[in-house]
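For the protein sequence lines, the chains are A, B and C, in the order given.
The opening position of the first sequence corresponds to residue 465 in our numbering, with each subsequent residue numbered one higher.
The opening position of the second sequence corresponds to residue 465 in our numbering, with each subsequent residue numbered one higher.
The opening position of the third sequence corresponds to residue 465 in our numbering, with each subsequent residue numbered one higher.
Beta carbons are placed, not taken as given, at the ideal position from N, Cα and C, and that holds for glycine.
Every value quoted in this text rests on a predicted model; they were computed, and no experiment measured them.
For reference, the structure discussed in these notes is given below.
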Amino acid sequence: MAFPDTFRPTHLKLTVESPTFWRVTFDNPPVNVIGPQLMSDLKTLLTELESNDTVNVVVFDSADPDFYLAHYDLAADPAAAAALPSATGYAAWADVTVRISKLAAVTISAIRGIARGAGSEFVLATDIRFASLEKAVLGQMEVGFAAVAGGGAGGRLPALVGRGRAFEILLGGNDYDGALAEKYGYVNRAVPDADFEAFVNAYATRVSGWDHRALGEIKSFINKYTRLPDAEFPLHSDAFWSAAGRPEFRTTAERLFDKGLQERGPLEYHLGDDIADIAAIAQD
Amino acid sequence: MAFPDTFRPTHLKLTVESPTFWRVTFDNPPVNVIGPQLMSDLKTLLTELESNDTVNVVVFDSADPDFYLAHYDLAADPAAAAALPSATGYAAWADVTVRISKLAAVTISAIRGIARGAGSEFVLATDIRFASLEKAVLGQMEVGFAAVAGGGAGGRLPALVGRGRAFEILLGGNDYDGALAEKYGYVNRAVPDADFEAFVNAYATRVSGWDHRALGEIKSFINKYTRLPDAEFPLHSDAFWSAAGRPEFRTTAERLFDKGLQERGPLEYHLGDDIADIAAIAQD
Amino acid sequence: MAFPDTFRPTHLKLTVESPTFWRVTFDNPPVNVIGPQLMSDLKTLLTELESNDTVNVVVFDSADPDFYLAHYDLAADPAAAAALPSATGYAAWADVTVRISKLAAVTISAIRGIARGAGSEFVLATDIRFASLEKAVLGQMEVGFAAVAGGGAGGRLPALVGRGRAFEILLGGNDYDGALAEKYGYVNRAVPDADFEAFVNAYATRVSGWDHRALGEIKSFINKYTRLPDAEFPLHSDAFWSAAGRPEFRTTAERLFDKGLQERGPLEYHLGDDIADIAAIAQD
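Shown next, in the form of structure tokens:
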């Protein structure tokens with residue numbers, strides 16, 4: 465028995481739409497945070513895809529219409545992530561995001577619901593981002609934790625939105641809805657929610673029918689001109705983890721947990737706005 | 465007698481709007497494919513422009529309101545293109561597109577009608593792309609032939625539309641209308657068709673009045689920061705011609721010719737959509 | 465007594481909104497040209513900000529709702545600018561623009577009114593550009609003077625608007641209103657004028673509350689990937705000053721002064737359009 469039959473993920477579901485079209489559905493209630501188990505599932509999937517020469521396209525969507533991927537799991541023991549195997553030798557989240565960006569298969573984020581922090585970084589690491597016009601929300605609120613985004617948002621946003629808008633997104637930490645994200649190039653396109661699934665499926669089905677080698681060659685050229693060297697990404701990760709060890713980060717996280725972080729409630733819906741009132745900053 | 469009086473093109477027309485403003489009108493019925501004779505005309509024009517220090521601006525438009533440049537001529541004998549002189553030493557189409565991007569004169573594509581495949585690559589190689597809002601259609605459907613775009617689309621699109629949208633355009637092979645092409649930056653601007661000619665002429669006339677040296681200096685700076693090294697482009701060309709020698713490419717082309725490829729009929733109008741149903745892919 | 469109390473600017477006003485949020489208001493009637501005194505004020509401000517580790521954000525706005533920064537002061541004695549201290553060793557305007565782009569503080573242009581030529585280059589050198597939808601006008605009309613833009617527009621525009629639109633803006637020299645500037649990425653966002661101040665203040669206030677070190681780290685990553693080496697910018701400056709010494713430049717400037725350049729009148733409002741009828745070009 466071989467992959468995908470041997471794959472037993474716990475925080476996502478793999479659907480084989482066809483031999484050349486796989487669908488990955490994030491399913492980690494209550495708000496789809498990115499913790500050690502979800503990263504473990506993704507790493508197993510990546511290992512398979514890295515040696516798979518049949519799958520043309522992988523669509524990543526969410527079982528939760530309100531939360532695509534809320535953010536990194538701040539309640540998890542960092543040792544659990546550190547204990548996961550790392551093909552690149554980088555920290556767990558950097559390993560996942562760097563490897564996704566290098567697959568031969570075409571990766572598409574189908575964003576319905578909130579994708580903040582590491583959730584936004586996940587979609588930035590995929591090749592293509594389609595968003596529900598009404599339901600998608602993207603943002604990088606790490607600055608509210610007195611931190612750099614650790615999964616490479618600062619390395620990937622400029623190639624999508626340009627220098628000025630990358631500054632705005634990362635320095636402000638605000639939420640971006642589907643329309644604004646499309647205007648900026650943060651997502652490829654925002655599609656009315658009623659048409660969203662059909663649109664994504666039509667694009668993915670089309671790509672699933674193309675020649676695997678041709679897709680890989682096209683990707684290689686674009687990656688050659690637009691992907692940063694792998695070695696940049698551990699710098700972002702290290703900067704994040706340094707910040708995570710400082711009092712401002714820990715105090716902000718504690719205050720947020722007191723108000724409902726990682727629960728399915730108002731704070732997670734409004735985290736992009738609310739973090740500015742809650743954040744602790746250095747008093748020097 | 466000197467150029468342009470000595471110029472006897474067969475597949476395009478050169479109009480001297482003024483000493484500093486030339487207009488090139490593609491005219492190769494029935495659908496303006498890019499074959500050896502059109503490339504020969506373009507090469508002669510390029511050779512002149514490379515040593516001309518008077519012409520400030522060249523507008524490229526089409527005699528056919530429905531077809532700007534349909535695509536590369538797949539019926540032509542490859543030996544005819546290979547026999548053309550090549551200033552760069554690259555294959556014929558790579559020679560044309562690389563040289564256009566390095567002219568001192570400002571080059572403007574005035575896109576009314578369909579520009580797919582090599583037709584899209586032509587406009588990507590010019591400095592500026594203005595499109596008719598209602599009548600322009602752009603696309604790179606080479607992936608449907610199990611091929612990389614050979615004229616450098618993968619090297620030029622990212623600098624216009626960013627990494628994510630370059631992936632989408634080249635991996636999907638879909639058509640992009642004027643409005644979407646403008647939104648993505650695939651064209652500079654989509655102008656309502658009723659205003660299109662006046663708009664293009666006003667911009668070109670304005671540029672035709674500027675100082676030739678200043679235009680060249682401005683172009684040099686932007687090229688320094690945004691143009692890939694010449695040596696990248698034969699890599700794309702070689703990848704295309706390798707694909708063109710494989711069974712999937714030839715079978716797809718044969719099927720398309722059976723359905724009306726390079727004729728003025730439904731297939732050429734709808735090639736961006738229809739190729740997905742017709743394409744042959746590797747059976748391995 | 466220390467900065468800002470010791471700061472005695474003559475052509476701008478510094479308002480300390482809070483210890484972490486400064487506002488700089490250009491005030492050099494009648495049209496806010498950029499001359500030696502304004503550059504001197506900016507250099508003093510830059511020297512302070514380069515060693516200041518408290519100020520998080522600086523908003524640059526204008527006391528004149530119609531003119532943000534009209535352009536470089538063409539009536540000033542070049543010797544006065546040359547006599548200003550230069551931290552980089554570059555010409556005065558290049559020194560200002562290069563240094564602004566390297567500050568730890570987040571710099572925001574709040575553009576209401578006209579920002580042409582060096583005025584546009586100022587906003588391009590800041591991190592973020594917000595524009596009044598109805599009142600902002602941007603443009604680089606140096607080509608009308610037979611010159612390259614001297615403050616690095618050709619080095620900064622491509623990272624914001626892409627290659628094709630950078631060509632269009634710099635080779636055409638036209639005006640861009642708020643809506644079009646937003647569409648192109650020339651500004652981050654165009655906000656209806658009625659909401660403009662509140663929008664800018666909300667964003668800046670939010671950034672002013674973040675951690676200073678985190679902002680600096682985020683900026684460093686984006687700068688690493690998107691800012692040209694300093695040494696590029698004197699090349700633009702030298703090219704401008706070479707052009708400024710040629711007859712076409714001087715004749716154009718003389719004709720413009722005859723028609724009201726640097727006065728608060730029709731020419732300055734319509735300079736982007738009118739320069740095409742007034743410009744002198746080389747007769748060779």
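Bridge-paired residues (DSSP) for residue i
| i | result |
| --- | --- |
| Tyr536 (chain A) | A:Ile498 |
| Tyr648 (chain A) | Per DSSP, none; premise fails for Tyr648 (chain A). |
| Arg627 (chain C) | According to DSSP, which records beta bridges pairwise, Arg627 (chain C) is partnered with nothing at all. |
| Ala555 (chain C) | In the DSSP output, where bridge partners are listed per residue, Ala555 (chain C) has none listed. |
| Arg580 (chain A) | A:Gly603 |
| Ser596 (chain B) | B:Val655 |
Reduced DSSP secondary structure (H/G/I, E/B, other) of residue i
| i | result |
| --- | --- |
| Lys566 (chain B) | coil |
| Thr590 (chain A) | coil |
| Asp748 (chain A) | The predicted position of Asp748 (chain A) is uncertain, since its pLDDT is 46 and thus under 50; a value taken from the coordinates is nonetheless stated next. Coil. |
| Asp641 (chain C) | strand |
| Phe467 (chain B) | coil |
| Leu548 (chain B) | coil |
| Thr484 (chain B) | coil |
| Val560 (chain A) | helix |
| Leu478 (chain B) | strand |
| Asp525 (chain A) | strand |
| Gly736 (chain A) | helix |
| Thr518 (chain A) | coil |
| Val612 (chain B) | coil |
| Leu509 (chain A) | helix |
| Leu621 (chain B) | coil |
| Ala743 (chain C) | coil |
| Ser573 (chain B) | strand |
| Pro473 (chain A) | coil |
Cβ neighbours of residue i in the same chain (closer than 8 Å, five flanking residues each side left out)
| i | result |
| --- | --- |
| Val562 (chain A) | Thr552, Tyr554, Ala589, Gly616, Asp694 and Phe697 |
| Ala717 (chain C) | Leu538, Phe609 and Leu725 |
| Thr518 (chain A) | Pro483, Thr484 and His676 |
| Ala611 (chain A) | Ala703, Phe704, Ala707, Ala708 and Phe713 |
| Pro622 (chain B) | Ala630 |
| Tyr640 (chain B) | Val601, Leu602, Gly603, Ile633, Tyr648 and Tyr650 |
Same chain, Cβ closer than 7 Å to residue i, neighbours up to 5 away in sequence not counted
| i | result |
| --- | --- |
| Leu597 (chain C) | Gly642, Ala643, Ala654, Val655, Pro656 and Asp657 |
| Ala539 (chain B) | Gln726 |
| Ala543 (chain B) | none |
| Val480 (chain B) | Pro468 and Trp486 |
Other residues of its chain near residue i: CB distance less than 6 Å, five sequence neighbours each side excluded
| i | result |
| --- | --- |
| Phe467 (chain C) | Glu512 |
| Gly673 (chain C) | none |
| Pro500 (chain B) | Ala540, Ala544 and Ala545 |
| Ala600 (chain B) | Ile575 and Gly642 |
| Leu567 (chain C) | Leu513 |
| Ala743 (chain A) | Gly608 and Thr716 |
Classification of residue i by the beta-carbon crowding that lies within 10 angstroms, buried from 16 upward
| i | result |
| --- | --- |
| Asp748 (chain C) | At Asp748 (chain C) the pLDDT is 46, less than 50, meaning the model places this residue with poor confidence and gives no usable figure here. |
| Glu681 (chain A) | buried |
| Met465 (chain C) | exposed |
| Asp722 (chain C) | exposed |
| His734 (chain C) | exposed |
| Gly729 (chain A) | exposed |
| Arg593 (chain B) | buried |
| Glu514 (chain A) | exposed |
| Arg670 (chain B) | buried |
| Ala662 (chain B) | exposed |
beta-carbon residue i near the ligand SAH non-hydrogen atom, thresh 7 Å
| i | result |
| --- | --- |
| Phe685 (chain C) | Among the ligands in the structure shown, none appear at all, so the ligand SAH cannot be discussed. |
If we require 3 or more residues per run, which beta strand (DSSP E) segments fall completely within the stretch 652 to 734 of chain A?
Taking only runs of at least 3 residues, the beta strand (DSSP E) segments lying wholly in the stretch 652 to 734 of chain A are 653 to 655.
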